[in-house]
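For reference, the structure is listed below as structure tokens.
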Amino acid sequence: MRDQTMYPTLTEQTRESLSRPFQLLIDGAWTDAADGETIDVVNPADEQVIAAIPAGGREDIDRAVRAARQAFETGPWARMTPGERARLLWRIADLLEARQAEFAELETLDNGKPITMSKWVDVPASISALRYWSGWCTKISGETRAVDMPGEYIAMTLREPVGVVGLITPWNFPLMSTVSKLGPALAAGCTVVLKPAEQTSLTALRLGELILEAGVPAGVVNIVTGLGAVAGAALAEHDGVDKISFTGSTAVGKSLIGAARGNLKRLTLELGGKSPTIIFPDADLEKAIAGAANAIFRNSGQICVAGSRLYVARQHFDQVIEGISSAAAQFRLGNGLDPATTMGPLVSDKQQQRVRAYIDGARAGGASVIASESAPGGAGYFVEPTIIHAVEQRAPVVREEIFGPVLVAAAVDDLDELAALANDSIYGLSASIWTRDISAAYKLARKIRAGTVTINSGSIAGPNIPFGGFKQSGWGRENGAEGIESFTELKTVITAL
Ligand code: NAP
Numbered sequence: 000m001r002d003q004t005m006y007p008t009l010t011e012q013t014r015e016s017l018s019r020p021f022q023l024l025i026d027g028a029w030t031d032a033a034d035g036e037t038i039d040v041v042n043p044a045d046e047q048v049i050a051a052i053p054a055g056g057r058e059d060i061d062r063a064v065r066a067a068r069q070a071f072e073t074g075p076w077a078r079m080t081p082g083e084r085a086r087l088l089w090r091i092a093d094l095l096e097a098r099q100a101e102f103a104e105l106e107t108l109d110n111g112k113p114i115t116m117s118k119w120v121d122v123p124a125s126i127s128a129l130r131y132w133s134g135w136c137t138k139i140s141g142e143t144r145a146v147d148m149p150g151e152y153i154a155m156t157l158r159e160p161v162g163v164v165g166l167i168t169p170w171n172f173p174l175m176s177t178v179s180k181l182g183p184a185l186a187a188g189c190t191v192v193l194k195p196a197e198q199t200s201l202t203a204l205r206l207g208e209l210i211l212e213a214g215v216p217a218g219v220v221n222i223v224t225g226l227g228a229v230a231g232a233a234l235a236e237h238d239g240v241d242k243i244s245f246t247g248s249t250a251v252g253k254s255l256i257g258a259a260r261g262n263l264k265r266l267t268l269e270l271g272g273k274s275p276t277i278i279f280p281d282a283d284l285e286k287a288i289a290g291a292a293n294a295i296f297r298n299s300g301q302i303c304v305a306g307s308r309l310y311v312a313r314q315h316f317d318q319v320i321e322g323i324s325s326a327a328a329q330f331r332l333g334n335g336l337d338p339a340t341t342m343g344p345l346v347s348d349k350q351q352q353r354v355r356a357y358i359d360g361a362r363a364g365g366a367s368v369i370a371s372e373s374a375p376g377g378a379g380y381f382v383e384p385t386i387i388h389a390v391e392q393r394a395p396v397v398r399e400e401i402f403g404p405v406l407v408a409a410a411v412d413d414l415d416e417l418a419a420l421a422n423d424s425i426y427g428l429s430a431s432i433w434t435r436d437i438s439a440a441y442k443l444a445r446k447i448r449a450g451t452v453t454i455n456s457g458s459i460a461g462p463n464i465p466f467g468g469f470k471q472s473g474w475g476r477e478n479g480a481e482g483i484e485s486f487t488e489l490k491t492v493i494t495a496l
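Quick note on numbering that gives the first Met the number 0: the sequence shown kicks off at 0 and runs consecutively.
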């Protein structure tokens with residue numbers, strides 16, 4: 000880091016980490032980008048440049064894919080037992096645990112999120128996820144099937160690693176999304192080329208150090224930072240890659256379908272959302288209000304499952320809006336390193352401008368906009384928690400993913416319309432229902448076309464809970480058995496006895 004005095008609270012470990020160069024990890028060695036280009040890393044809370052990462056390009060991706068291919072086919076990784084892979088994953092978790100404070104601080108500096116969140120959510124959840132995936136190494140198995148033919152046969156299925164996988168991650172939960180892909184990929188026996196988001200690559204690169212320290216053989220995990228349109232696209236197009244696991248926007252996800260055509264590589268796509276929160280007339284309003292506020296304002300609204308559309312029974316609409324406004328006013332916006340901060344900035348100036356443009360557009364269109372006036376002045380990409388209502392259901396703020404702390408609310412007169420309202424979106428990632436009538440909740444949950452529906456609860460996630468989207472929110476599922484299967488190919492072996 001150029002000026003360490005700016006952040007007096009940083010631990011010694013983090014200072015040391017920031018004083019070392021950030022480089023690409025290719026075939027077990029740290030290296031600069033082939034053309035020497037770098038990208039400045041900006042702390043979104045104060046707009047200061049805190050580090051530089053390599054801007055990897057096509058040549059770097061090609062080297063990384065070749066290293067991953069060799070490690071998959073001929074390296075020690077290919078001969079390791081599942082138990083040996085399990086021990087390596089567990090060891091990475093132990094090493095991450097020993098450097099928790101550093102990873103939490105790097106995540107906050109890089110992404111802007113409150114340190115309390117990095118420290119109590121992002122890093123511990125990543126450690127447990129690594130341990131969860133470690134357990135899967137010895138539990139991947141096939142089945143036997145009956146053969147309906149004259150004679151005697153044994154027909155069985157084997158689950159084999161899909162091969163070399165490209166992992167492309169977004170910036171909102173950088174370490175967690177890295178681990179949620181890396182864990183099952185390694186557990187299944189794949190080798191990896193990881194392309195983290197250009198805005199938030201620091202923890203992925205430092206995780207690479209732990210991966211080597213744990214004893215993962217060279218070439219099994221390669222990390223190439225760089226621009227999505229350059230490094231990400233090169234990875235997605237590369238014929239040496241068997242599968243891409245992508246989390247990010249629907250627009251880029253769609254472009255990967257074209258990029259994957261060359262060798263028909265497998266694709267898992269975790270994409271955007273415009274998830275509804277639905278409050279029935281009989282809901283426990285105190286809990287529903289807190290849940291609805293948390294669903295949209297947590298992580299500054301930069302969550303794919305953010306509850307960005309709110310539908311409330313008309314008789315409670317004013318009370319709910321007032322409740323969410325006062326919850327919004329209680330967020331303390333500021334530099335994430337300050338433990339008192341409960342809402343950090345957005346990740347970049349681009350994201351700040353994008354979110355503000357949506358708010359301004361709604362205001363210009365005559366919508367009612369309630370913004371809590373708590374954003375700190377001066378530098379930093381802050382946007383106040385904002386509630387928009389009295390807006391046309393066709394307006395962009397209602398239809399498009401904003402990915403910021405912006406809630407769009409509507410009063411509902413006819414409860415029979417709730418399913419149609421919830422489903423009136425190109426997305427289908429998640430939904431949340433608040434009511435004391437559990438039968439009504441289940442009935443509605445069945446009608447909603449979304450990958451996850453929560454009832455009287457905010458979003459609950461975990462490495463064992465399948466996650467993914469209907470419609471344009473994605474292809475496939477991450478986590479649990481479904482997640483690990485997506486990093487395997489199924490082979491059928493039939494033997495005549
Ligand atoms: P994004 O722009 O789609 O970027 C995601 C990743 O793709 C980044 O690593 C990006 O690289 C890379 N990328 C960009 N263009 C590419 C291309 N042409 N080829 C290959 N890779 C490319 O999304 P974002 O703005 O980072 O993240 C926000 C989006 O992610 C939101 O839509 C959100 O809903 C979605 N998201 C979904 C989930 C889920 O599980 N469903 C979870 C989190 C986020 P650079 O950043 O380096 O350009």
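Yeah, the Cβ is synthetic: ideal placement off N, Cα and C, and Gly gets one too.
Taking the beta carbon of residue i as the centre, do at least 16 other beta carbons fall within 10 Å, making it buried, or is it exposed?
i, result
"residue 367", "exposed"
"residue 359", "exposed"
"residue 262", "exposed"
"residue 435", "exposed"
"residue 43", "buried"
"residue 345", "buried"
"residue 491", "exposed"
"residue 476", "buried"
"residue 116", "buried"
"residue 377", "exposed"
"residue 452", "buried"
"residue 301", "buried"
"residue 150", "exposed"
"residue 198", "buried"
"residue 456", "exposed"
"residue 135", "buried"
"residue 461", "exposed"
"residue 463", "exposed"
Please list the terminal residues of the continuous alpha helix (DSSP H) segment that includes residue i.
i, result
"residue 350", "348–363"
"residue 119", "Careful: residue 119 lies outside any alpha helix (DSSP H) and carries neither H nor E."
"residue 199", "Per DSSP, residue 199 belongs to no alpha helix (DSSP H) and is neither H nor E."
"residue 292", "284–296"
"residue 178", "173–187"
"residue 102", "99–110"
"residue 76", "75–78"
Is there a C-beta anywhere in chain D that falls below 9 angstroms from the one on residue i?
i, result
"residue 465", "Structure shown: chain D not included; a single protein chain is present."
Name the DSSP bridge partner or partners of residue i?
i, result
"residue 39", "51"
"residue 315", "Paired residue(s): none; residue 315 is not in a bridge."
"residue 395", "The partner list for residue 395 (beta bridge, DSSP) is empty, contrary to what the question assumes."
"residue 310", "277, 409"
"residue 237", "Partner(s): none; residue 237 has no beta bridge."
"residue 454", "432"
"residue 154", "144, 493"
"residue 370", "385"
"residue 426", "470"
"residue 5", "In the DSSP output, where bridge partners are listed per residue, residue 5 has none listed."
Could you check where the beta strand (DSSP E) with residue i kicks off and where it finishes?
i, result
"residue 221", "220–222"
"residue 265", "265–269"
"residue 253", "First-last for residue 253: 249–258, but that is the alpha helix (DSSP H), not the beta strand (DSSP E)."
"residue 245", "242–246"
Considering Cα atoms alone, identify which of the options is closest to residue i.
i, options, result
"residue 236", "99, 265, 5", "265"
"residue 268", "38, 216, 486, 13", "486"
"residue 478", "176, 388, 493, 239", "176"
"residue 178", "198, 251, 130, 188", "130"
"residue 400", "338, 272, 317", "272"
"residue 495", "127, 145, 58", "145"
"residue 200", "152, 150, 109", "109"
"residue 442", "379, 415, 83, 136", "415"
"residue 382", "406, 88, 390, 303", "406"
"residue 183", "28, 448, 170, 164", "164"
"residue 459", "412, 226, 424, 306", "306"
"residue 188", "47, 71, 320", "71"
"residue 166", "465, 190, 157, 102", "190"
"residue 19", "30, 217, 343", "30"
"residue 9", "40, 128, 336", "336"
"residue 83", "386, 374, 216", "216"
"residue 137", "87, 152, 93, 107", "87"
"residue 223", "65, 81, 420", "65"
"residue 230", "469, 4, 23, 365", "23"
"residue 324", "347, 488, 340, 371", "371"
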